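Chemist:
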Amino acid sequence: MIINQQIKFYRTEQKMSQDMLAEKLNISRQSISKWERGESLPSIDNLIRLSEILGIPLDDLVKGKESFPIPFSFGQNTSKIYFTVFVLLTVLICFLTYAIKPDFIVVLLAFGYCYGMVSLIGFRNFKDYYDYFVVWHQGIEVYSGTKFKLTATLLSFMGKRKTKQIPYDSIESLKIYFNNEGYDPGTHEGLNYRRRQTVVGREVFNLILTTKDQENYTLNLDRLFYPQSDEYKYFSAIMSFFEKHEIKIEDAYGILTAISDEYDLIEAAYRKR
Numbered sequence: 422m423i424i425n426q427q428i429k430f431y432r433t434e435q436k437m438s439q440d441m442l443a444e445k446l447n448i449s450r451q452s453i454s455k456w457e458r459g460e461s462l463p464s465i466d467n468l469i470r471l472s473e474i475l476g477i478p479l480d481d482l483v484k485g486k487e488s489f490p491i492p493f494s495f496g497q498n499t500s501k502i503y504f505t506v507f508v509l510l511t512v513l514i515c516f517l518t519y520a521i522k523p524d525f526i527v528v529l530l531a532f533g534y535c536y537g538m539v540s541l542i543g544f545r546n547f548k549d550y551y552d553y554f555v556v557w558h559q560g561i562e563v564y565s566g567t568k569f570k571l572t573a574t575l576l577s578f579m580g581k582r583k584t585k586q587i588p589y590d591s592i593e594s595l596k597i598y599f600n601n602e603g604y605d606p607g608t609h610e611g612l613n614y615r616r617r618q619t620v621v622g623r624e625v626f627n628l629i630l631t632t633k634d635q636e637n638y639t640l641n642l643d644r645l646f647y648p649q650s651d652e653y654k655y656f657s658a659i660m661s662f663f664e665k666h667e668i669k670i671e672d673a674y675g676i677l678t679a680i681s682d683e684y685d686l687i688e689a690a691y692r693k694r
């Protein structure tokens with residue numbers, strides 16, 4: 422929910438405890454706790470009072486145009502456990518394969534099998550170790566290195582991730598793209614039973630950056646599939662931030678409206694088909 426996130430965010434910004442806010446509103450602390458957990462909603466009168474006490478416009482309190490931390494890494498996988506486990510298991514399997522069949526080609530096939538299986542059933546894409554973008558005050562930092570996933574991941578682990586900074590005054594537009602034709606456009610696979618928890622089952626969901634020199638950069642928005650993620654929480658604020666830099670935002674799939682209205686963004690995108 423947007424409102425509960427807003428209340429907690431601005432309460433902590435004001436260095437105010439739940440007890441202090443409850444006292445100002447003449448209600449119990451338990452009521453504040455329930456609002457912030459999303460178990461109940463404030464009344465209209467309490468929303469107006471919250472707006473006054475927290476110093477935020479009522480419209481922003483309800484629709485979620487809060488600020489966000491800068492720099493903000495959008496889509497970065499900060500956990501190294503997933504890739505480390507993959508490397509250790511792959512090395513073990515390749516070692517056992519070589520012990521059974523000491524043939525380089527067979528070991529290479531075993532490695533390819535491990536890599537393919539992880540790519541198919543993985544809950545996270547190896548790409549999110551390197552192919553993410555960072556929002557700065559001066560511009561957007563995008564990945565500009567090799568497209569070979571394993572090489573790029575290893576380089577990122579070694580601190581050699583190659584990026585490019587694109588100043589805001591050189592950006593013409595940002596276009597939100599969601600493949601609402603389904604995973605298989607030929608069969609129009611249904612909306613309800615797609616396995617979005619795994620990488621292979623997701624729709625293509627990108628932000629297409631176009632510069633004034635007509636150069637295009639594709640930025641991944643997969644983290645928006647997770648409503649509890651920081652990327653989902655701050656997406657509207659980030660887009661609003663870009664608009665303030667006079668960048669044209671194109672949202673033909675109604676993603677921003679869906680997030681603002683607390684509506685399922687996947688269903689909203691499919692309704693635009």
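First residue of the sequence shown: 422, per this note's numbering; consecutive thereafter. Backbone N, C-alpha and C fix where the C-beta goes; we use that ideal spot for every residue, glycine too. Small disclaimer: the values here were computed from a predicted structure and weren't measured.
(1) Which of the three DSSP states, helix, strand or coil, is assigned to Thr-567?
(2) Which residues mark the beginning and the end of the beta strand (DSSP E) in which Asn-641 is found?
(3) Below 8 angstroms on the Cβ atoms is my contact criterion, and I expect Val-563 with Tyr-638 to pass it. Report the Cβ-Cβ distance as a whole number of Å.
(4) So, is Tyr-534 buried or exposed, given that buried needs 16 or more other C-beta atoms within 10 angstroms?
(5) Would you grab the beta carbon distance between Thr-432 and Asp-440 for me? Rounded to a whole angstrom, and I think it's under 8 angstroms.
(6) Are the CB atoms of Ser-657 and Ile-680 nearer to each other than 8 angstroms?
(7) In whole angstroms, give me the CA-to-CA distance for Leu-482 and Asn-641.
(8) Enumerate in chain order the residues of its own chain whose CB-to-CB distance from Gln-559 is below 8 angstroms, with the five nearest sequence positions on each side excluded.
(9) Based on the DSSP output, what are the partners of Ser-594 in its beta bridges?
(10) Per DSSP, Gly-560 is paired with what?
(11) With a cut-off of 8 angstroms, do at least 3 Cβ pairs link the segment 496–511 to the segment 545–555?
(12) Suppose the cutoff is 7 angstroms on Cβ atoms and the five residues either side in sequence are ignored; what does the same chain contact list for Ala-673 look like?
(13) I need the boundaries of the alpha helix (DSSP H) containing Ser-454, first residue and last residue.
(14) For Ser-464, report the span of its alpha helix (DSSP H) as first-last.
(15) Can you find the residues in the same chain that come closer than 8 angstroms, C-beta to C-beta, to Tyr-647, ignoring five residues on each side of it along the sequence?
(16) CB-CB under 7 angstroms to Val-527, same chain, minus the five flanking residues each way: which ones, in chain order?
(17) So, for Leu-510: in the same chain, excluding its five sequence neighbours on each side, which residues have a beta-carbon less than 8 angstroms away from its beta-carbon?
(18) Taking the beta carbon of Glu-671 as the centre, do at least 16 other beta carbons fall within 10 Å, making it buried, or is it exposed?
(19) Using a 10 Å radius around the Cβ and a threshold of 16 neighbouring Cβ atoms, would you call Gly-675 buried or exposed?
(20) So the candidates are Ile-597, Thr-574, Lys-570; which of them puts its Cα closest to the Cα of Phe-626?
(21) Look at the alpha carbon of Arg-582 and the alpha carbon of Trp-456, and state the distance between them as a whole number of angstroms.
(22) Sorted by chain position, which residues of the same chain lie with C-beta nearer than 7 angstroms to Thr-660's C-beta, five sequence neighbours on each side aside?
(23) Closest to Phe-569 by CA distance: which of Gly-580, Tyr-551, Ile-561, Ile-448 is it?
(24) Starting from Ser-681, trace the alpha helix (DSSP H) in both directions and tell me its first and last residue.
(25) From the DSSP secondary-structure annotation, give me the bridge partner or partners of Phe-599.
(26) Hey, Ile-491 and Ile-592: beta-carbon distance below 8 angstroms or not?
(27) Based on the DSSP secondary-structure assignment, which residues constitute the bridge partners of Val-555?
(28) Please list, in chain order, all residues of the same chain as Leu-442 whose beta carbon is under 6 angstroms from its beta carbon, the five residues on each side excluded.
(29) For Ser-461, does the count of other Cβ atoms within 10 angstroms reach 16, so buried, or fall short, so exposed?
Modeler: A quick look at the data gives this:
(1) coil
(2) 637–641
(3) 5 angstroms
(4) exposed
(5) First, the residue type needs correcting, since residue 432 is Arg and not Thr in the sequence shown. Going by Cβ atoms, the distance from Arg-432 to Asp-440 rounds to 11 angstroms, so no, they are not a contact pair.
(6) yes
(7) Rounded to whole angstroms, the separation of the alpha carbons of Asn-641 and Leu-482 is 28 angstroms.
(8) Gln-586, Pro-588, Tyr-589
(9) Thr-631, Lys-669
(10) Pro-588
(11) The answer is yes - the segment 545–555 touches the segment 496–511, with three or more Cβ pairs under 8 angstroms.
(12) Lys-693
(13) Per DSSP, Ser-454 belongs to the alpha helix (DSSP H) from 450–458.
(14) Looking at the DSSP string, Ser-464 is not in any alpha helix (DSSP H), and its letter there is neither H nor E.
(15) Contacts found: Tyr-653.
(16) Setting aside the 5 residues that flank it on each side, Val-527 is surrounded in the same chain by Thr-518, each with a C-beta closer than 7 angstroms to its C-beta; the list follows chain order.
(17) Cys-535
(18) The C-beta of Glu-671 has fewer than 16 other C-beta atoms within 10 Å across all chains shown, which makes the residue exposed.
(19) buried
(20) Ile-597
(21) 41 angstroms
(22) Here residue 660 turns out to be Met, not Thr, going by the sequence shown. If we look at Met-660 and ignore the five residues flanking it on each side, its Cβ neighbours are Ile-670, Leu-677.
(23) Ranking Gly-580, Tyr-551, Ile-561, Ile-448 by Cα distance to Phe-569 puts Tyr-551 first.
(24) 676–681
(25) Per DSSP, Phe-626.
(26) no
(27) Per DSSP, Ser-494, Glu-562.
(28) Arg-432, Ile-453
(29) exposed
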